[in-house]
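Enquirer:
Residue numbers (my numbering): 416 to 683.
1. Expressed to the nearest angstrom, what Euclidean distance is found between the alpha-carbon atoms of residue 625 and residue 552?
2. What residue does the alpha helix (DSSP H) around residue 514 start on, and which one ends it?
3. Please name the residue or residues paired with residue 674 in a DSSP beta bridge.
4. Given a cut-off of 7 Å on the beta-carbon distance, is the pair residue 678 and residue 647 in contact?
5. To the nearest angstrom, report how far apart residue 709 and residue 522 are at their CA atoms.
6. Is it true that the stretch 582 to 599 meets the stretch 535 to 547, where meeting means three or more beta-carbon pairs spaced less than 8 Å apart?
7. I'd like the span of the beta strand (DSSP E) that includes residue 502, first residue to last.
8. Return the residue from the list 438, 672, 597 and 518 that minimises the CA-CA distance to residue 554.
9. Taking 8 Å as the threshold, find out whether the stretch 667 to 675 comes into contact with the stretch 627 to 643 through three or more Cβ pairs.
10. With DSSP as the reference, please indicate the residues paired to residue 621 in a beta bridge.
11. Three-state secondary structure (DSSP) at residue 435?
12. Please state whether DSSP places residue 427 in a helix, a strand or coil.
13. Should residue 431 and residue 443 be called a contact, given that it needs their Cβ atoms to be closer than 7 Å?
14. Could you check the C-alpha separation between residue 649 and residue 470 for me, to the nearest Å?
15. Can you check whether the CB of residue 447 is closer than 7 Å to the CB of residue 628?
16. Name the one or two DSSP bridge partners that residue 556 has.
17. Report the partner residues of residue 473 according to the DSSP bridge assignment.
18. Considering only the beta carbon of each residue, do residue 676 and residue 437 sit closer than 7 Å?
19. Would you decide whether residue 683 is buried or exposed? Buried here means 16 or more other CB atoms lie within 10 Å of its CB.
20. Between residue 583 and chain D, is the shortest Cβ-Cβ distance under 7 Å, so that the two count as touching?
21. What does the Cβ neighbour count give for residue 567, buried or exposed, with the cut at 16 atoms within 10 Å?
22. List the endpoints of the continuous alpha helix (DSSP H) containing residue 651.
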């Protein structure tokens, strides 16, 4: 059965390459597109004033890439001791931080053997370090609209789960938000054509690492019957979205590539 990788374009290409090397028939079908915000002034200001934060939480590798894009080279000059800490919800984000020069000893992330890579797992690592009065910056994306100019978006806080913010507030910390990029659905007609060209009208195994990818697929193809297709998902919340969309079989996997590959190979 063909595996459909639905991550944004660059990440999807890397995953397809890894799966093909394992003898898995995989194709890329990005269901989320990543773009910059119209005005980078807020990003530049946050980078300039980064020392005022006890920690900077990057929600994804995309958040890392867009926060550190362009001069000056803040990542390579990240403080070796003291504040701020760089928080990452999973190994992909932590790897992106290291790749841009943030020292490993300044990065907090879930343990490699964690059952999940998310805000809850990150909080287990950092919760005890948070003190009243500290400021934490959350760098994340905002949901953009296709065919709407970026300047018409309102990227003041972005979208995302507020669970981590509630934990920080309960500890007396102040949370600031920075939108560093936009997440957009693919163009619907182009997506439907790609599905047809790739032969995905037949049953397939869809790899979802984001609930938004499922939402974008459903919006592009409303009313389609997905009951003959399977979904492999990397989080219980994504599993719930796949079931709601009508996928006939939904299987969960740890998000690490090795675990995803093992899950794919275990399917009959």
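In this text, a Cβ means the ideal position worked out from N, Cα and C, and glycines have one as well.
Expert: Let me spell this out:
1. 22 Å
2. 506 to 514
3. Per DSSP, none; premise fails for residue 674.
4. yes
5. The structure shown does not extend to residue 709, since the chain is modelled only from 416 through 683, so no value can be given for it.
6. yes
7. 500 to 502
8. 597
9. no
10. 419 and 646
11. helix
12. helix
13. yes
14. 26 Å
15. yes
16. 596
17. 554
18. yes
19. exposed
20. Among the chains of the structure shown, chain D does not appear; only one protein chain is present.
21. Below a pLDDT of 50, predicted positions are generally treated as unreliable, and residue 567, at 38, falls in that range; the measurement from the model is reported next regardless. It counts as exposed.
22. 651 to 660
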